[in-house]
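Quick notes on the structure that follows.
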Amino acid sequence: MRFVRYDDDRLGLLVDDGVVDLTDRLDLSSADPLVEYMSGDFDAAEYEDADPDHDVEDVTLESPVRRPGKVIAAPLNYEAHIEEAISDKDITTDEWFSIEDKGYFLKAPSSVIGPEENIVIPFNDRRIDHEVELGFVMGEETKDVDNETAWENIFGYTVLLDISVRGDQDRSNRKSYDTFTVIGPAVVTPDEIDDPQNLDLSLAVNGETRQDANTSDMVYTCADVVQYASIGATLQVGDVITTGTPEGVGPLADGDVVDAEIEDVGSLNVDVDERDVSFADVDVTKHGKQ
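Numbered by our numbering, the letters in the sequence shown go through residues 8 to 297 in order.
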């Protein structure tokens, strides 16, 4: 099944001919209806063949989870991107940031937007990069799990864009600006995907392909990331985890159009806007000890 959140607080199934409303059929009432669905005793399977209530063009698709409790992100997790990052930073292979070496990092839940919103570049004098990633949503509370249980606790998969300011600031800071986590359009349940570790993923900017890889190139699998993350934190229903990006990351600019696609999962098409603000001109007052 392909779950979507639409028109602010509605939960639906994305089908070939449109969107089947689940909110009324299942009597859902939460503003975060996918989390309510995953947490309750609901079954949407009987509505997969229902006539759609809406054409896709007539609704506004939102991020499938309105406000995840956590957005957990794997650092460098594709071999070729590791080499790319090493080249960019002029560092040695002993210094690269792996999950095993550096752990995961967190992105602010407030950075999450849906597939019909725009990425907003906060500063016009800093490099802002795109990163396409396979993301997924946790469907069970998860703590200290083994690899097999980790797979079982994943509710479904989605396309995720991890947008990043380049620089020396903390990674979570640089990746947590508003609009820097684009998720959607749907969360696709595992039965729709043959193998999440063998999916083609790509990203193009203004029609030019920049990233083109397969999730088989990951260093750590989706379950590996869940297993590692659950050691340090209890993963909650609705938490979003993202798995790193392949090589080909590059800068975004005002007016760009980003197209991202993951095989069997879905595609995103988002525009890029830029604020007329210079990072160098931001006035941060320092208050020293008297």
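Beta carbons are placed, not taken as given, at the ideal position from N, Cα and C, and that holds for glycine.
These numbers were taken from a predicted model, which means no experiment stands behind them.
{"Asked": "Going by Cα to Cα distance, which pick from D278, Q243 and Y235 is closest to D266?", "Found": "D278"}
{"Asked": "Please report the distance separating the alpha-carbon of G25 from that of D56.", "Found": "11 Å"}
{"Asked": "Output the distance between the C-alpha atoms of T149 and N160, rounded to the nearest integer angstrom.", "Found": "7 Å"}
{"Asked": "Kindly identify the DSSP beta-bridge partner or partners of P305.", "Found": "No information on residue 305 is available, as it lies outside the stretch 8 to 297 that the chain covers here."}
{"Asked": "Under three-state DSSP, which class holds D266?", "Found": "strand"}
{"Asked": "According to DSSP, is V166 part of a helix, a strand, or is it coil?", "Found": "strand"}
{"Asked": "Rounded to the nearest angstrom, how far is the Cβ of I128 from that of D261, given a contact under 8 Å?", "Found": "7 Å"}
{"Asked": "Note the first and the last residue of the continuous beta strand (DSSP E) segment covering D56.", "Found": "Careful: D56 lies outside any beta strand (DSSP E) and carries neither H nor E."}
{"Asked": "Which residue marks the beginning of the beta strand (DSSP E) containing V277, and which one marks its end?", "Found": "G273 to E281"}
{"Asked": "Touching or not, the segment 200 to 214 and the segment 108 to 126, by the rule of three or more beta carbon pairs under 8 Å?", "Found": "no"}
{"Asked": "One question on the structure: do I126 and L259 come within less than 8 Å of each other, judged by their Cβ atoms?", "Found": "yes"}
{"Asked": "Can you give me the Cβ contacts of V27 inside the same chain, cut-off strictly under 7 Å, excluding the 5 residues immediately before and after it?", "Found": "G19, L20, Y54, A57, P59 and D60"}
{"Asked": "Measuring alpha carbon to alpha carbon, tell me which residue in G245, Y13 and S285 is nearest E328.", "Found": "For the chain, the structure presents residues 8 to 297; residue 328 sits outside this window and is missing."}
{"Asked": "In chain order, what residues of the same chain lie with their CB nearer than 7 Å to the CB of L68, ignoring the 5 residues before and after it?", "Found": "V11, Y13, G121, P122, E123, G191 and P192"}
{"Asked": "In the structure shown, what three-state DSSP assignment does G245 receive?", "Found": "coil"}
{"Asked": "Which value, in whole angstroms, describes the spacing of the CA atoms of N143 and D290?", "Found": "The sequence shown places Phe at residue 143, not Asn. Computed Cα separation, rounded: 38 Å."}
{"Asked": "Taking DSSP as the reference, what is the three-state secondary structure of Q204?", "Found": "coil"}
{"Asked": "On the DSSP bridge assignment, give the partners of L141 in chain order.", "Found": "V166"}
{"Asked": "For V166 versus I269, is the C-beta spacing smaller than 8 Å?", "Found": "yes"}
{"Asked": "Please classify S36 as buried or exposed, where buried requires at least 16 other C-beta atoms within 10 Å of its C-beta.", "Found": "exposed"}
{"Asked": "Whose C-beta lies closer than 7 Å to the C-beta of F286 among residues of the same chain, with five residues either side of it excluded?", "Found": "F130, D132 and R133"}
{"Asked": "Got a sec, what are the start and stop residues for the alpha helix (DSSP H) Q234 sits in?", "Found": "C229 to G239"}
{"Asked": "Using DSSP's beta-bridge definition, name the partner residues of R9.", "Found": "V195"}
{"Asked": "Between D31 and the ligand COA, is the CB less than 7 Å from at least one heavy atom?", "Found": "Absent from the structure shown: the ligand COA. Ligands present: none."}
{"Asked": "With distance defined between alpha-carbon atoms, name the residue in D39, D31 and Q243 nearest to D151.", "Found": "Q243"}
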